[in-house]
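The structure appears below as structure tokens.
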Amino acid sequence: MRLQRVYLIYAVLCLAAASLVVIQWINQVQVPEDKTPESEPEKTPRLTIKDNELDLLARAVHAEAKGEPYEGKVAVAAVILNRVEHPEFPNTIAGVIYEPLAFQVVANGTINQKADEVSLQAAYDALHGVDPTNGALYFYNPAKTRNRWIRTRPVVKKIGRHIFTS
Amino acid sequence: MQRIKTPVIFTLIVILAAAAGSQYYANRAYRLQLEAGYRRAFRELAVHIDGMETELSKLLVANSPTQQFGGLANVLRLVYAAQANLGQLPIHGLNLARIENLLARVQAVAVEAAQGMHETKPLNAVRNELSQLYEQVRYVNNELQAQLALGEHKTSWTVRGGFMYASLLSPAETAFGEQQPLMQALLMIEDGMDRFYDSDFPSEIKRLKAPLPTGEPISEAEAVAAAKAFMPEQAAGRELAVTNLTEGEFPTYTVTAAAGGKDPITIEIAKDGGHVLWMINPRIVQKRQLTEGEMAAYAVQFLQERGFPEVELVDTDWNLNRLMCSFVVVEEGVLVYPRQLKVQVAADNGEIVGYQGLAYQAFAYIRKATPVLSPEQARAFVIETAEILEQRPAVILDPNFEQKLTYEFRVKQGPDQFLIYINAENGAEEKITRLEPG
């Protein structure tokens, strides 16, 4: 009887291990869903924003500002762009977004989710100069952050659940 | 039954052991790779800071343009490399603000000196500042070299939770030197920089900033009235109210036009002067029914109805069934690029769904200048191998936000097209912009 119980525990452990292996395999083969942007009508040469930069910015907006009002989404994109312009931050959108520990959505992988149309539009508006934060460099959700330093920064604006600071 | 059970259990144990082993080795390989990456970044940071100290010291004694130019180029290269290394380390930038600030200042001063290279003694203007920066870079370098001498290889960047802990706490709260000596060393360097005068470390890098809209302060009611006057069609049937105030570089009122069932429209009004800075409408445009020409005409009509001066459409861009039309003001036949306006038009019904006029409002003053060179004379300053497709006078901004009267040449070089701006007063090549293929 005791031996049977030991076998049972072994079996459960083995099943758990096998499940872990299967989960890991599934995670490895899953590729974030992505779609090539629809091609636009042919145009004469012009100044343009790279589609991949817009897409990355929109993904960050989608992940960081889910459930926020449209102005709040534009504001998140604007903060990223303000950092790109600022000499103390990396000078590319990818550099700012992927800066170690700068954004939670990079650490938890939600940055890889496809951006919805509203986020794309919000990122596009910000890239064309709309900045609801007047140059803010940081934002945080007061209900979630434990960072005391960021709470000492001068508040520029509150939009939805986010506080934007300079 | 017993005969079957034993091999099954044995097999399961083997599978379990294999899975656990593979996990262990995968995790170990990953951590080693991560550790190697962080060590490379840290060691390269030390190498680049060391090189920077050497180059700055040489610049202080260099007296010929050849040596000065070479030194400045090297300093800039090393600053960029050090900034990249710092960004690769698992430390949030907040805690190392002084070191980052120092790198940014070295970069700014080097750029300033390099831009004055056409002068006989370009470094004289910034020599004092370079000397101060050299002292600070030398301090950082000495500390970093001391850390390397202590045996950086004996420590780890990837101690579980270590760098997360460091990044979330201020230096005063981080009492983890035993577990994270490298992290602690960097924070100590940061703290040690306190011994330099505070004036050497402004809280923000001195940045050249574009001018901002100005005017007499307005009330909230006036802001609502300004928004209503700007968007009368959208305002009809909507409730307009000031819903937010923005502090920062220039104070603004956020006016929201809300209506049940409709997406709220946001209009930002400058507190000083009551200028409409931008408008955003989140409506998703589902289909494309209008041509680009028709939509551009809607945008032009929108600006004309609001009394804007003569403008020219310089760029269009499609995004999600919207057309972004970029205009610049034309004054006496001259394109005034600083005064830029952007209007977004919906492709289903021609509605204006976005407007951006911050630059237009900020650059209200246009510097009057008379060209010294004729268009033909300016043409001689364009590289001979380029085919000139078009040319016209244009006012542009230099990196210091100074207005320059230029001739804009659209040229073709191989498969690429460029805009080349030749200063209309002295023939200097002010700016080159590459046009992306459509």
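Each protein sequence line maps, in turn, to chains A and B. For the first sequence, my numbering assigns the number 229 to the initial residue and increments by one for each residue that follows. For the second sequence, my numbering assigns the number -12 to the initial residue and increments by one for each residue that follows. For each residue, glycine too, the CB sits at the ideal point set by N, CA and C.
>> Could you compute how far the alpha carbon of residue 364 of chain A sits from the alpha carbon of residue 339 of chain A?
In response: Reading the first sequence from its first residue, position 136 is the one you call residue 364 of chain A. Reading the first sequence from its first residue, position 111 is the one you call residue 339 of chain A. If you take the alpha carbons of residue 364 of chain A and residue 339 of chain A, they lie about 21 Å apart.
> At what residue ranges does the stretch 207 to 238 of chain B contain a whole run of the alpha helix (DSSP H), taking only runs of 4 or more?
Replying inline: Counting whole runs of 4 or more residues, the stretch 207 to 238 of chain B contains the alpha helix (DSSP H) stretches 207 to 217, 219 to 222.
>> Just to make sure I have the definition right: I need the residues of chain A whose C-beta is within less than 9 Å of the C-beta of residue 234 of chain B. Which are they?
In response: Position 247 of the second sequence, counted from the start, is the residue given in the question as residue 234 of chain B. By Cβ distance, chain A contributes 362, 382, 383, 384, 385, 394.
>> Check whether the stretch 365 to 378 of chain B and the stretch 278 to 298 of chain B are in contact - that is, three or more C-beta pairs closer than 8 Å.
In response: no
> For residue 153 of chain B, which three-state DSSP category applies?
Replying inline: Within the second sequence, the letter at position 166 stands for residue 153 of chain B. In this prediction, residue 153 of chain B has a pLDDT of 45, which is less than 50 and means its spatial position is unreliable; nothing more can be read from the coordinates.
> When the distance is taken between beta carbons, is residue 303 of chain A closer than 7 Å to residue 387 of chain A?
Replying inline: Walking along the first sequence from the start, residue 387 of chain A turns up at place 159. Walking along the first sequence from the start, residue 303 of chain A turns up at place 75. Yes, the Cβ-Cβ distance between residue 387 of chain A and residue 303 of chain A is below 7 Å.
>> Closest to residue 386 of chain B by C-alpha separation, out of B:298, B:73, B:419, B:202, would be which residue?
In response: If you number the second sequence from 1, residue 386 of chain B lands on position 399. Per the Cα distances, B:419.
> Can a CB atom of chain A be found closer than 7 Å to the CB of residue 201 of chain B?
Replying inline: Position 214 of the second sequence, counting from 1, holds the residue named residue 201 of chain B. So, not an interface residue.
> Between which two residues does the beta strand (DSSP E) harbouring residue 341 of chain A extend?
Replying inline: For the purposes of this step, residue 341 of chain A is taken as the residue at position 113 of the first sequence. Premise fails: residue 341 of chain A is in no beta strand (DSSP E) and is neither H nor E.
> Smallest Cα separation from residue 42 of chain B: which of B:103, B:8, B:120, B:74?
Replying inline: Position 55 of the second sequence, counting from 1, holds the residue named residue 42 of chain B. Selected option, being the one with the closest Cα: B:120.
> CA-CA distance, residue 44 of chain B and residue 110 of chain B?
Replying inline: Counting from 1 along the second sequence, the entry for residue 44 of chain B is found at position 57. Counting from 1 along the second sequence, the entry for residue 110 of chain B is found at position 123. Approximately 13 Å, taken between the alpha carbons.
> Does the beta-carbon distance from residue 298 of chain B to residue 382 of chain B come in below 7 Å?
Replying inline: Within the second sequence, the letter at position 311 stands for residue 298 of chain B. Within the second sequence, the letter at position 395 stands for residue 382 of chain B. Cβ atoms of residue 298 of chain B and residue 382 of chain B: not closer than 7 Å.
> How far does the alpha helix (DSSP H) with residue 0 of chain B in it reach, from first residue to last?
Replying inline: As a first step, residue 0 of chain B must be located in the second sequence, where it is residue number 13. Element bounds for residue 0 of chain B: -11 to 48.
> Going along the chain, which residues of the stretch 309 to 320 of chain B sit with their C-beta nearer than 9 Å to a C-beta in chain A?
Replying inline: If the cut-off is 9 Å between Cβ atoms, the stretch 309 to 320 of chain B has 309, 311, 313 near chain A.
> In three-state terms, what does DSSP make of residue 299 of chain A?
Replying inline: Taking the first sequence and counting its residues from 1, one reaches residue 299 of chain A at position 71. Helix at residue 299 of chain A.
>> Check for me: the beta strand (DSSP E) holding residue 394 of chain B runs from which residue to which?
In response: Taking the first residue of the second sequence as position 1, residue 394 of chain B is located at position 407. 390 to 400 is the span of the beta strand (DSSP E), which, as asked, contains residue 394 of chain B.
>> When you compare the stretch 408 to 415 of chain B with the stretch 333 to 347 of chain B, are there three or more beta-carbon pairs, one atom per stretch, that lie closer than 8 Å?
In response: no
>> Suppose you measure from the CA of residue 286 of chain A to the CA of residue 329 of chain A; what does that come to, to the nearest Å?
In response: Start at 1 with the first residue of the first sequence, and residue 286 of chain A comes out as number 58. Start at 1 with the first residue of the first sequence, and residue 329 of chain A comes out as number 101. Near 19 Å, if we compare the C-alpha coordinates of residue 329 of chain A and residue 286 of chain A.
>> Only counting the same chain, and skipping five residues up and downstream in sequence, which positions put a Cβ closer than 6 Å to that of residue 134 of chain B?
In response: As a position in the second sequence, residue 134 of chain B is number 147, starting the count at 1. For residue 134 of chain B, where only same-chain residues beyond five positions count, the Cβ hits under 6 Å are 172.
> For residue 407 of chain A, which residues of its own chain have a beta-carbon under 7 Å away from its beta-carbon, when the five flanking residues on both sides are left out?
Replying inline: This structure cannot settle anything about residue 407 of chain A, because the visible part of chain A is limited to 229 through 394.
>> Taking 7 Å as the threshold (beta carbon to beta carbon), is residue -7 of chain B in contact with chain A?
In response: The residue you call residue -7 of chain B lines up with position 6 of the second sequence. Look at residue -7 of chain B: its C-beta is not under 7 Å from any C-beta on chain A.
>> Using C-beta distances below 7 Å, list every residue in its chain close to residue 370 of chain A, excluding the 5 sequence neighbours before and after it, in chain order.
In response: Taking the first residue of the first sequence as position 1, residue 370 of chain A is located at position 142. Taken in chain order, the residues that qualify are 391.
> What are the start and end residues of each continuous beta strand (DSSP E) run of 3 or more residues lying completely inside the stretch 361 to 393 of chain B, in chain order?
Replying inline: Counting whole runs of 3 or more residues, the stretch 361 to 393 of chain B contains the beta strand (DSSP E) stretches 374 to 384.
> Just checking my contact of residue 210 of chain B with residue 256 of chain B at CB under 8 Å: how many whole Å lie between their CB atoms?
Replying inline: In the second sequence, residue 210 of chain B corresponds to position 223, counting from 1. In the second sequence, residue 256 of chain B corresponds to position 269, counting from 1. Yes, residue 210 of chain B and residue 256 of chain B are in contact; Cβ-Cβ is about 4 Å, under 8 Å.
> In three-state DSSP terms, what is residue 313 of chain A?
Replying inline: Along the first sequence, read from residue 1 onward, the residue named residue 313 of chain A stands at position 85. Helix at residue 313 of chain A.
> Under the three-state reduction of DSSP, which class applies to residue 394 of chain A: helix, strand or coil?
Replying inline: Locating residue 394 of chain A in the first sequence gives position 166, counting from the first residue. If DSSP states are grouped into helix, strand and coil, residue 394 of chain A belongs with coil.
>> For a test of the three-state rule: what should DSSP assign to residue 113 of chain B, helix, strand or coil?
In response: Position 126 of the second sequence, counting from 1, holds the residue named residue 113 of chain B. Three-state DSSP puts residue 113 of chain B in a helix.
> Since residue 302 of chain A meets chain B, which of its residues come closer than 8 Å, beta carbon to beta carbon?
Replying inline: For the purposes of this step, residue 302 of chain A is taken as the residue at position 74 of the first sequence. Within 8 Å Cβ-Cβ: 267.
> When the Cα atoms are used, what is the spatial distance from residue 342 of chain A to residue 296 of chain A?
Replying inline: Position 114 of the first sequence holds residue 342 of chain A. Position 68 of the first sequence holds residue 296 of chain A. Going from the Cα of residue 342 of chain A to the Cα of residue 296 of chain A covers about 17 Å.
> How should residue -3 of chain B be labelled, buried or exposed, when 16 other C-beta atoms within 10 angstroms of its C-beta is the threshold for buried?
Replying inline: Here residue -3 of chain B refers to the residue found at position 10 when the second sequence is read from its first residue. It counts as exposed.
> When burial is assigned at 16 or more other CB atoms within 10 Å of the CB, is residue 1 of chain B buried or exposed?
Replying inline: Here the question's residue 1 of chain B lines up with position 14 in the second sequence. Label assigned to residue 1 of chain B: exposed.
>> Is there a Cβ of chain B sitting closer than 7 Å to that of residue 341 of chain A, yes or no?
In response: Taking the first residue of the first sequence as position 1, residue 341 of chain A is located at position 113. Not closer than 7 Å to any Cβ of chain B, the Cβ of residue 341 of chain A fails to qualify, so no.
>> Run through chain B and tell me which residues come within less than 9 Å of residue 323 of chain A, C-beta to C-beta.
In response: Within the first sequence, numbered from 1, the residue matching residue 323 of chain A stands at position 95. By Cβ distance, chain B contributes 71, 74.
>> Let me make sure I understand the geometry here. Which of A:372, A:283, A:367 has the alpha-carbon closest to that of residue 381 of chain A?
In response: Start at 1 with the first residue of the first sequence, and residue 381 of chain A comes out as number 153. Comparing Cα positions, the closest option is A:367.
> Just how far apart, CA to CA, sit residue 55 of chain B and residue 361 of chain B?
Replying inline: In the second sequence, residue 55 of chain B corresponds to position 68, counting from 1. In the second sequence, residue 361 of chain B corresponds to position 374, counting from 1. So the two alpha carbons sit approximately 35 Å from each other.
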